[in-house]
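Protein chains in written order, with the working numbering: chain A, 253 to 488; chain B, 253 to 488; chain C, 253 to 488; chain D, 253 to 488; chain E, 253 to 488; chain F, 253 to 488.
Following this line, the structure appears as structure tokens:
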């Protein structure tokens, strides 16, 4: 993704993005039941690099599985491109971990933009301390071998009830994660910047005690003029 | 509601109120799976002003719906009386937002006593910063049009699995929200103040290392005497 | 339990313990959907003392039930041995409380090592302030009589989907609670200390920017040598 | 609704109707988790007459409530127009009944076209014997007063996760129930008859051993010719 | 239980019993999500004989566990008194079986009155063929050792979200199972016979085309007279 | 798979197979919440041919998607080998159909051994009439495009919470579906035939009124002798 898009998306909220996507007919691109471990971590923006799991099988998912250098979880953590978001399809199952502190730290050190699972992370108290955006359903101490068989890398997956294709742009804030289809990321970013200016203006008016009537939506021409003035004043 | 009731209810906990209500035969007046966004917000006390939703329909729930000045959500936010609690029946569905930062701010500025939904709010990081009691199930960024059709105002509703009639008294603390039927609010408030005095005394004894035997419940006459003395001492 | 085991278990994480237990064939000893009220409370270690509940019945579960000095909840709180963990089988149902601030304070004062339920606690804002490890599913204000009939003490129970036998060792950290069968507690503690040393070394290497290849798992002999040196240096 | 629409809708399946509605942008008009008690009952077609419930309250929902001649459940059963479908919003809660054999029999005798709830019916073994379309989630013996407070009649409701407006056309077959917005019922009926002809032809070809390639969807012109001949032959 | 009570309870429905129990203040005595395998089996009436399970543990729940002649499941099947109902607390978990065809057949041959679990049975196609009342949540092939550890016999248990004390009277029909506290079984049976006569009369009037107004509830004196006549005529 | 294995597996139950697999350490190979549409259909035995879905996306999942001859659902139905079982990963989501009557008929005509989804089928009343084993969670009329994006063919998938690798042997009876890892299918089939003989003998003894003590498990040598005689007599 280009740096302009990345910069723009880092300045808009997940909520605003869902509105922009809704205008284009998308109703299901916010990950359900996935939340930030550290709400004070930086905003997350980056293309999806995906790991897919299926339920574990006792004969395959033993500790020895990690001796295989091509084990998808371990391979993925070392090959996820800098700037990308590592997204794990854990089938919404948080009864065992999707990953833990060591792998999350490694991704952080390798320059990944964040990590997302619809399951849970172990070592969550440590991960909460990292200045690295990580999103999951809930903390989950058990080792992933109990429940998850890592199947493959960089295929389309489900995460949080949402379709995620490799290369789709993941944006996360303190509220959660939204997925933007790769081919419209630039256009959505542009429109979201505009939408954010509008919402910030509306919010400032409402905080100052004004009614939402004629303001939200902006059906009163007087408010349109005030908005134009506000944009000039704030350079937005 | 009168100011004496409001003052008394602001000084008792949701937990104590459920005990008082249980004594009167009420078993289901605590909202399930509804929690405060800002546990440090002021205590919430006020009569319910209700908004009811049903599932959205694609031909009705478009952005243009808000152009209608009688759209129930927008109308309700402007008409909810000062001192009242805005309560939304979202059918327990938090996959899209029930409302967002702008509307919550408007309610706060208009003097509402709080806002409650059994769905979720968007812009939740901003709402958490407001000195305004807001309660939901979980954060939810998607715009409400995706899932919720606002049907009408001030009818009896379900919220968090509990019946809420307009005018019922909503009381919220850092633990959650309890509903008091309007016709018994004064009596419940009076009894809850008594019950709170008792519990505070018991808690102080237990914190000082005393056994709960004969104290909780207070079957030992010696404890009754101590309690009377404690009430005099603390003016309660 | 002996003090050496207690000390060792207080220094390892729930996550590490699930790995050690998985090596021994145990897949289901981490309590699901049970979380700390106060993540900054001390680590919890102690043998389980259990309370079992079944659904309440209106003719039995009235306030007068507590007048019985043998009511299992009240009796248990006074008889739970110092150093033990009070574990409540609430059938995973948090719609009413399993216990409240007074009983939790009493357990704390009596020297219990912690309290766990797969339901919810009332007075949770107060409990969060105690320097005492308490774990539940979610806050729940309603009095327990609405939903829970306390059946008996110190029988094997289910808690968080996990079997808990009286005397099993409960270990809780900021992530959650793991149960260790009593007869292997010492061996598991020993192995977990070793495993923790290994993981701390690996984590320090990864934090310093090294690859996980050959390190995690440690298939590279060079890393083994580094680990040995690290152990000597850190006295572990 | 006119008799032509009724006749046409009685001859098409719920599945086919969802396809026709999907083409018009409707994604959520099939009632989830609602199934026929008697799969051999006649097809159900008729406009919705709605009853709305909220959770019961112990002081209001006593047996004496039925002494009120305006109790919405009892009033609705006597006032539901012949040919209409009685649709109950039970908030998806089947832990107590929405209605029982006596009321369902009364509706049948009064000429209603069917009854639907997203809760459960009691006396279900008797209802299964009636030649009357009835749909629910699962059998539920407990009297409705335990859980449901009947709030009002003929307002828009939620049922099975779907919006139902009074007058919308309910169509039920052995698979379940679909809702057609009133204003498009005629057009949807017309299109569904066409779609059914197409699907019946396709099904007959597939049953005869032909490939779906070029047939489903019908991209092969040869199949289009065969279909035209089939329509003439079968008078459809 | 005496034979008069047994005979009376065999002639009334689970639905009617919940009404009689509701009049006495009981709101939660119908087993939720528990259904008959064979709706054509005889009516089930008998005192509860209980088996309690907790989650399985890998070191205890091996096939060898059955070598112990005191294994509670096997012991219970051989010791359940003739005429009693074998009730299993499976914690509502049907992912593995609570019992299978062999044990159910054995209970049938030993003269038990029925078997109930809130989990599932394996060999369900065979059990459906037996002229023996069996109730579960859903069919479940996996052997119970995977999930259930049989803990003890004849203690109070939860089943289907309902409290069941040994000796309580279990009554099951084609709709489901209701529990009657032992000490009121005779009185409830008597009242249910009366209630059934009333409901049968009402149902016959409604089936004949009469309104429910003044009939259900019977506020019209004319209907009371008709009812008296009907009782004399039918000897009820 | 060879014909001997197929024949043997066609003669044993899903329940028996879970026992044989449990002895080998497999605890999770029975599909949860997946049931036969037609319990009288033939037994299902065959290697898995898999279709994977992710959540639908509005811009991709339109009716035009089927114009693509490589659409995985349509392609898979035409390419699934005779004798194979078509297994669909629907992420356990039955809110829209996984497939319908036309595709199921086509698979039947092409000689497939059965079809399985952990979602739902539409046109279920028709599918129930086919002499073809089909398994799903529940009937679901809505077209699959609403919810399911068909991603790819013949990769490892999750179905009913169980890992299914292409080529694994699917066995279904009137109770449900079990998956046997391909490499042990022959051995499991052999052992299951032995286990079935044992269980049939035990069942015949129990049906004749004998105790399970010493019989199940068979710790009494006298029973072992009887079993040997029974095997000779019945040629098993």
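All residues carry an ideal CB built from backbone N, CA and C; glycine is no exception. Since we're looking at a predicted model, the values are computed, not measured.
- At a Cβ threshold of 8 Å, is residue 424(B) touching chain H? Among the protein chains in the structure shown, which are A, B, C, D, E and F, there is no chain H.
- Query: Which residues does DSSP pair with residue 299(E) in a beta bridge?
  - Reply: Position 47 of the fifth chain, counting from 1, holds the residue named residue 299(E). Bridge partners of residue 299(E): 421(E).
- Query: By the 10 Å Cβ neighbour count, where 16 or more other Cβ atoms means buried, how is residue 485(C) classified, buried or exposed?
  - Reply: One-based indexing of the third chain puts residue 485(C) at position 233. Counting Cβ neighbours within 10 Å, residue 485(C) comes out exposed, since fewer than 16 surround it.
- With distances taken between CB atoms, is the gap from residue 285(F) to residue 389(F) smaller than 8 Å? The residue labelled residue 285(F) in the question sits at position 33 within the sixth chain. The residue labelled residue 389(F) in the question sits at position 137 within the sixth chain. With a cutoff of 8 Å on beta-carbon distance, residue 285(F) and residue 389(F) are scored as near each other.
- Chain-ordered chain D contacts of residue 337(B) [CB-CB under 9 Å]: Position 85 of the second chain, counting from 1, holds the residue named residue 337(B). What residue 337(B) touches in chain D: nothing, since even the nearest Cβ is about 17 Å away.
- Task: Check each candidate in 266(C), 396(C) and 301(C) and name the one with the smallest Cα separation from residue 317(C).
- Result: Locating residue 317(C) in the third chain gives position 65, where the first residue counts as 1. By alpha-carbon distance to residue 317(C), the top candidate from 266(C), 396(C) and 301(C) is 396(C).
- Is residue 408(D) near residue 416(D), with beta carbons less than 8 Å apart? If you number the fourth chain from 1, residue 408(D) lands on position 156. If you number the fourth chain from 1, residue 416(D) lands on position 164. Taking 8 Å as the cut-off, the Cβ atoms of residue 408(D) and residue 416(D) count as close.
- Message: Using a Cβ-Cβ distance cut-off of 8 Å, determine whether residue 370(F) contacts chain A.
- Response: If you number the sixth chain from 1, residue 370(F) lands on position 118. Taking CB atoms only, residue 370(F) has no neighbour in chain A less than 8 Å away.
- Measure the C-alpha to C-alpha separation of residue 454(C) and residue 446(F) and round it to an integer number of angstroms. For the purposes of this step, residue 454(C) is identified with residue 202 of the third chain, where counting begins at 1. For the purposes of this step, residue 446(F) is identified with residue 194 of the sixth chain, where counting begins at 1. Distance between the alpha carbons of residue 454(C) and residue 446(F) is about 50 Å.
- Message: My assumption, with CB atoms under 8 Å, is that residue 359(D) sits in contact with residue 373(D). Please give the rounded CB distance.
- Response: To locate residue 359(D), count along the fourth chain from 1; it is residue 107. To locate residue 373(D), count along the fourth chain from 1; it is residue 121. Going by Cβ atoms, the distance from residue 359(D) to residue 373(D) rounds to 12 Å, so no, they are not a contact pair.
- Selected residue, minimal CA-CA separation from residue 274(B), among 405(C), 423(C) and 394(C): What you label residue 274(B) is simply residue 22 of the second chain in a count that begins at 1. Of the listed residues, the one whose Cα sits closest to residue 274(B) is 394(C).
- Please list the partners that residue 414(C) has in chain E, where partner means a Cβ-to-Cβ separation under 7 Å. Taking the first residue of the third chain as 1, we reach residue 414(C) at position 162. Simply 307.
- Message: Using the three-state DSSP reduction, which class does residue 341(D) fall into: helix, strand or coil?
- Response: On the fourth chain, residue 341(D) is found 89 positions in, with the first residue counted as 1. In this structure, residue 341(D) counts as strand in the three-state DSSP scheme.
- Which value, in whole angstroms, describes the spacing of the CA atoms of residue 332(C) and residue 363(C)? Numbered from 1 along the third chain, position 80 holds the residue referred to as residue 332(C). Numbered from 1 along the third chain, position 111 holds the residue referred to as residue 363(C). So the two alpha carbons sit approximately 9 Å from each other.
- Query: Mind checking residue 480(A): buried by the 16 CB within 10 Å criterion, or exposed?
  - Reply: In the first chain, counting from the first residue as 1, residue 480(A) sits at position 228. With fewer than 16 other Cβ atoms within 10 Å, it is exposed.
- Message: Please tell me whether residue 455(B) has its Cβ less than 8 Å away from any Cβ of chain C.
- Response: Within the second chain, residue 455(B) is the residue found at index 203, counting from 1. So, interface residue.
- Query: From this set, 267(C), 255(C), 399(C) and 257(C), which residue's C-alpha is nearest residue 392(A)'s C-alpha?
  - Reply: One-based indexing of the first chain puts residue 392(A) at position 140. Here the closest residue by C-alpha is 267(C).
- Touch test, the region 287-301 of chain B against the region 459-469 of chain B, Cβ-Cβ under 8 Å, three pairs minimum: Using a C-beta cut-off of 8 Å, the region 287-301 of chain B makes no contact with the region 459-469 of chain B, since fewer than three inter-stretch Cβ pairs fall below that distance.
- Item | Buried/exposed call for residue 299(C), threshold 16 Cβ in 10 Å | Taking the first residue of the third chain as position 1, residue 299(C) is located at position 47. Taking a 10 Å sphere around the C-beta of residue 299(C), we find 16 or more other C-beta atoms and assign the residue as buried.
- Query: Is the shortest distance between the beta-carbon of residue 343(F) and the beta-carbons of chain D less than 8 Å?
  - Reply: Translated into positions along the sixth chain, residue 343(F) becomes position 91. Output row for residue 343(F): interface = no.
- Task: Tell me, please, whether the CB atom of residue 428(E) is closer than 8 Å to any CB atom in chain C?
- Result: Position 176 of the fifth chain, counted from the first residue, corresponds to residue 428(E). Closer than 8 Å: no.
- Item | Rounded separation between residue 401(D) and residue 305(D) - CA only | What you label residue 401(D) is simply residue 149 of the fourth chain in a count that begins at 1. What you label residue 305(D) is simply residue 53 of the fourth chain in a count that begins at 1. Their backbone Cα atoms lie some 5 Å apart in a straight line.
- Item | Candidates 280(B), 482(B), 428(B) and 258(B), of which the one nearest residue 313(D) by Cα | Reading the fourth chain from its first residue, position 61 is the one you call residue 313(D). Comparing Cα positions, the closest option is 280(B).
- Query: Going by beta carbon distance, what residues of the same chain come within less than 6 Å of residue 340(E), once the five residues before and after it are set aside?
  - Reply: The sequence position of residue 340(E) within the fifth chain is 88, counting from 1. Exclusion of the five residues before and after residue 340(E) leaves 303, 350 and 369 as the residues of its chain whose Cβ lies within less than 6 Å of its Cβ.
- Query: How long is the line joining the alpha carbons of residue 307(B) and residue 342(D), rounded to whole angstroms?
  - Reply: On the second chain, residue 307(B) is found 55 positions in, with the first residue counted as 1. On the fourth chain, residue 342(D) is found 90 positions in, with the first residue counted as 1. Rounded to whole angstroms, residue 307(B) and residue 342(D) show a C-alpha spacing of 14 Å.
- For residue 401(D), which three-state DSSP category applies? On the fourth chain, position 149 is the one that residue 401(D) refers to. Of the three classes helix, strand and coil, the one that applies to residue 401(D) here is strand, per DSSP.
- Message: Considering just the uninterrupted stretch of the beta strand (DSSP E) at residue 366(D), what are its terminal residues?
- Response: Translated into positions along the fourth chain, residue 366(D) becomes position 114. That run of the beta strand (DSSP E) goes 366-369.
- Is residue 282(F) helix, strand or coil when you go by DSSP? For the purposes of this step, residue 282(F) is identified with residue 30 of the sixth chain, where counting begins at 1. Residue 282(F) falls in the strand class under three-state DSSP.
- So residue 449(B) packs on residue 488(B), CB below 8 Å; how close in whole Å? Taking the second chain and counting its residues from 1, the one referred to as residue 449(B) is at position 197. Taking the second chain and counting its residues from 1, the one referred to as residue 488(B) is at position 236. A Cβ-Cβ distance of about 5 Å is found for the pair residue 449(B) and residue 488(B), placing them in contact under the 8 Å criterion.
- Message: Assuming the contact rule is C-beta atoms closer than 8 Å, residue 283(F) and residue 423(F) should be a hit. Round their C-beta distance to whole Å, please.
- Response: As a first step, residue 283(F) is located in the sixth chain; it is residue number 31 there, counting from the start. As a first step, residue 423(F) is located in the sixth chain; it is residue number 171 there, counting from the start. About 11 Å separates the two Cβ atoms, so there is no contact after all.
- Query: Nearest to residue 429(F) by CA position, among 403(F), 259(F), 253(F) and 289(F), is which residue?
  - Reply: Counting from 1 along the sixth chain, the entry for residue 429(F) is found at position 177. With respect to the C-alpha of residue 429(F), the residue from 403(F), 259(F), 253(F) and 289(F) having the closest C-alpha is 289(F).
- Give the C-beta separation of residue 399(B) and residue 347(B) to the nearest angstrom, bearing in mind that I take them to be a contact with Cβ-Cβ under 8 Å. Walking along the second chain from the start, residue 399(B) turns up at place 147. Walking along the second chain from the start, residue 347(B) turns up at place 95. Right, their Cβ atoms sit about 6 Å apart.
- Message: Tell me the rounded alpha-carbon separation between residue 353(B) and residue 371(A).
- Response: Here residue 353(B) refers to the residue found at position 101 of the second chain. Here residue 371(A) refers to the residue found at position 119 of the first chain. Rounded to the nearest angstrom, the two C-alpha atoms are 28 Å apart.
- With C-beta atoms as the reference, is residue 440(F) less than 8 Å away from residue 272(F)? Your numbering for residue 440(F) matches position 188 in the sixth chain. Your numbering for residue 272(F) matches position 20 in the sixth chain. It is a contact, given that the beta carbons lie within the stated cut-off.
- Query: When DSSP labels each residue in this structure, what does residue 409(E) get in the three-state scheme?
  - Reply: Here residue 409(E) is taken as the residue at index 157 of the fifth chain, counted from 1. For residue 409(E), the three-state secondary structure derived from DSSP is strand.
- Message: Quick check: what's the CA-CA separation for residue 382(F) versus residue 456(D)?
- Response: Locating residue 382(F) in the sixth chain gives position 130, where the first residue counts as 1. Locating residue 456(D) in the fourth chain gives position 204, where the first residue counts as 1. Spanning the two alpha carbons is a distance of roughly 14 Å.
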